[in-house]
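Take a look at the structure below.
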C-alpha cells in the first residue's frame with residue numbers, strides 16, 4: 287500500500303506547479319517583449335509601411351507606455367478579480383495584440399497592437415512575482431523570484447531564433463503569429479493554476495483557501511489588515527518627509543536611467559549592431575548572447591548583493607554596464623564583441639534590480655512597498671523614453687551615438703544611486719527584518 291506524500295513534499299509540489307506555470311507565462315512575456323527589437327532591422331531595411339527610424343522609436347515606446355499602464359493598474363485589478371484571472375487576462379491580451387500586429391496594414395494599426403501588448407506585458411510580470419512569492423517555500427522567496435526572472439530573458443533568446451528562422455522564408459508577420467500561440471496556454475492556466483491564497487483569504491473565501499491549503503498541505507496565510515486610501519496616501523507622503531524628498535528623488539532618477547537603458551538597448555540592440563557593420567544574422571546572435579548574460583546576471587546579482595551590499599553592487603553594476611554599452615559602439619573582432627555583449631547583458635539586466643533592492647533595504651517596513659512601487663513606476667517613464675531616444679538618434683543620422691547615449695544613462699544611474707547610498711549611510715536608521723529586505727531583489 288502506498289503512503290500519502292509527506293506534507294513538505296506536497297507543499298513542494300504545489301510550489302513547483304505554480305512556479306512552472308508562471309515561468310512559462312513570463313517566457314511568453316519575454317518573447318512578445320523582445321520580438322519587436324528582433325524584427326526591427328528587417329522592418330527598417332525593407333521599409334515596411336514606409337517605416338522610418340523615428341517612427342520605429344515611437345512604436346517601441348508605445349509598448350513600454352502600455353507596460354507603464356499595465357504595471358500601475360495591475361495591483362488594483364488583481365485585488366478585484368484575483369491574480370489568476372489577471373494573469374490569464376494578460377496572456378490573452380498580449381497574444382491577441384500580437385495578432386493585430388501580424389495582420390496590420392499600417393503603422394497606426396501596428397502601433398495599436400504594440401500598445402495593447404504592452405498593457406498585458408506590464409500587468410503580467412508583477413502579478414506572476416506575487417503568485418510565486420505566495421507559494422514559494424519558506425526562505426526561498428528571493429531565489430524563486432530570481433528563477434522566475436530568467437524566463438523573461440529566455441523569451442528574449444527565443445525571439446532572436448524566431449526572427450532568424452522565420453523572417454527570411456515566411457516574412458516578418460510570421461514572427462508575430464508565433465507570439466499569438468500563447469493563447470493555447472490560457473486553458474492550461476485556467477485549469478491548473480491555483481488562485482493566490484492571500485487573495486482568497488483577503489476576499490473572505492476562507493473555505494476555498496482552506497481546501498486548497500489542506501489539499502497541498504501548505505500553511506494558510508493570515509488575513510492582512512486592508513489599507514485605506516488615506517493609509518496609502520500617508521505612506522507616499524512619508525517618502526518626502528524629514529528631508530527624505532532628496533533621497534526619494536535620487537532613487538527615482540536612478541530608476542529612470544536604469545529602465546531607459548534596459549528598454550532602449552532591448553529595442554535597438556540588433557539595429558544598432560547593424561549600423562556598426564555586423565550582418566543581420568550576427569546582430570540577432572547578439573540578442574541571444576545578451577539574454578544569456580541576463581540569465582547569468584539575475585542568478586549572480588542577488589548573491590553579490592547579499593555579500594557586498596545592494597547599494598554598492600548597484601553602483602558598480604551600472605558602471606560596468608556603461609563601459610560595456612559604450613564598447614558596443616566600437617567595431618571589435620567578432621569574438622571580443624560577443625564577449626562584451628555577454629558581459630553587458632550580465633550587468634545591465636540586473637543593475638535595475640539592484641536599485642529595487644537598495645530602496646527596499648533603505649526603507650522602513652511601513653512604507654517599503656510604497657517606496658519600491660513608486661521607484662519602479664517612475665522608472666517606467668525611462669522605459670518609454672529609451673526606445674524613442676534610439677529612434678531619434680538614428681533618424682538624425684547619429685546611430686553611432688546610440689550606444690554612447692545609453693552608456694551615459696548608465697553613468698547617470700550609477701551617480702544617482704551612489705549619492706543616495708552615501709547619504710543614507712551618513713544617516714543610518716533602525717530597520718527590521720534585514721534578511722527579508724535582502725530578498726526584495
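In our numbering, the protein residues as written are 287 to 727.
Ideal Cβ positions, reconstructed from N, Cα and C, are used throughout, including at glycine.
Look at residue 448 and residue 321 and say whether their C-beta atoms are less than 8 Å apart. yes
Please look up how many angstroms separate the CB atoms of residue 374 and residue 469, rounded, as I've assumed it's under 8 Å. At roughly 11 Å, the Cβ-Cβ gap does not stay under 8 Å, so residue 374 and residue 469 are not in contact.
Among the candidates 545, 534 and 623, whose CA atom is the shortest distance from the CA of residue 563? 623
Pick out whichever of 386, 392 and 349 has its Cα sitting closest to the Cα of residue 316. 349
To the nearest angstrom, how far is it from the Cα of residue 371 to the Cα of residue 561? 43 Å
Which residues in the same chain have their Cβ closer than 7 Å to the Cβ of residue 606, if we skip the five residues on either side of it in sequence? 633
Give the single residue among 306, 340 and 467 whose Cα lies nearest to the Cα of residue 431. 306
Smallest Cα separation from residue 402: which of 491, 414, 637 and 351? 351
Are at least three pairs of beta-carbons, each pair with one atom in the region 592 to 604 and one in the region 676 to 687, less than 8 Å apart? no
Going by beta carbon distance, what residues of the same chain come within less than 6 Å of residue 610, once the five residues before and after it are set aside? 626, 629 and 630
For the putative contact between residue 664 and residue 542, defined by C-beta atoms under 8 Å, what is the C-beta separation to the nearest angstrom? 6 Å
Residues near residue 446 in its chain [Cβ-Cβ closer than 6 Å; skip 5 each side]: 324, 570, 573 and 574
Out of 337, 442 and 578, which one is the CA nearest neighbour of residue 313? 442
Contacting residues, own chain, Cβ-Cβ under 6 Å from residue 294 (five flanking each side not counted): In this predicted model, residue 294 has a pLDDT of only 48, less than 50, meaning its place in the structure is not dependable enough to derive any value.
According to DSSP, is residue 354 part of a helix, a strand, or is it coil? helix
Residue 491 versus residue 695 - alpha carbon distance: 47 Å
Span of the alpha helix (DSSP H) holding residue 643? 620 to 648
Suppose contacts are defined by Cβ-Cβ distances below 8 Å. Is residue 335 in contact with residue 387 by that definition? no
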